[in-house]
Amino acid sequence: MIDHIGFPGADFARSRAFYQAALAPLGITVVMEVAAEETGGEAHAGFGANGKPFFWIGSGGGLSGVGHGHLHVCFTAADRAVVDAFYAAALAAGARDNGAPGLRPHYHPNYYGAFVLDPDGHNIEAVCHTPHPSPA
Numbered sequence: 004m005i006d007h008i009g010f011p012g013a014d015f016a017r018s019r020a021f022y023q024a025a026l027a028p029l030g031i032t033v034v035m036e037v038a039a040e041e042t043g044g045e046a047h048a049g050f051g052a053n054g055k056p057f058f059w060i061g062s063g064g065g066l067s068g069v070g071h072g073h074l075h076v077c078f079t080a081a082d083r084a085v086v087d088a089f090y091a092a093a094l095a096a097g098a099r100d101n102g103a104p105g106l107r108p109h110y111h112p113n114y115y116g117a118f119v120l121d122p123d124g125h126n127i128e129a130v131c132h133t134p135h136p137s138p139a
């Protein structure tokens, strides 16, 4: 089980604002912040729910290394409408499209996801694994 994940952004303020807007439809907000003075040089913002941060961004520059330093993070959405809302909010906050909301049956029949590239080029996804309710 993963407790939390974190990575640095090239522009901390820009990354913080982006994730604050993009993750709001998922019910994920900033629940903790740590100033650079408290860590010896790098600021951090912890996003989560119910007071528990599980997704951290930090200052200190973007990732580097193999694969150009880009990573993939996927957030669980309660339903398909939340996936759609995440995608719209992320694009409005400056993300680039990396896969519009829709079924990805090559993963499994109910895999409904949306992909965006954040300001640093990281592949950020929201997914719902629940079958879509049948019309009444």
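Sequential numbering from 4 applies to the sequence shown in this note's numbering. Yeah, the Cβ is synthetic: ideal placement off N, Cα and C, and Gly gets one too. These numbers were taken from a predicted model, which means no experiment stands behind them.
Residue i vs residue j beta-carbon contact at 8 Å
{"i": "E128", "j": "H75", "result": "yes"}
{"i": "F21", "j": "A96", "result": "yes"}
{"i": "V86", "j": "G124", "result": "no"}
{"i": "I31", "j": "A16", "result": "no"}
{"i": "A88", "j": "P28", "result": "yes"}
Residue i - DSSP class collapsed to helix/strand/coil
{"i": "F21", "result": "helix"}
{"i": "T42", "result": "helix"}
{"i": "A48", "result": "strand"}
{"i": "P11", "result": "strand"}
{"i": "G30", "result": "coil"}
Closest by C-alpha distance to residue i, when choosing among the options
{"i": "Y114", "options": "T79, N126, A91", "result": "T79"}
{"i": "R83", "options": "F58, L106, W59, H111", "result": "L106"}
{"i": "K55", "options": "C131, I8, P112", "result": "I8"}
* Entirely enclosed beta strand (DSSP E) segments - the stretch 54–129, minimum 3 residues -> Within the stretch 54–129, the complete beta strand (DSSP E) runs of at least 3 residues are 55–61, 75–79, 115–120.
* To do: Report yes or no: do three or more beta-carbon pairs, one from the stretch 38–50 and one from the stretch 113–122, lie closer than 8 Å?
  => With a cut-off of 8 Å, the stretch 113–122 and the stretch 38–50 do not count as touching, because too few Cβ pairs lie within range.
* Asked: Can you find at least 3 beta carbon pairs, one from the stretch 96–109 and one from the stretch 8–26, that sit closer than 8 Å?
  -> They touch, by the three-pair rule.
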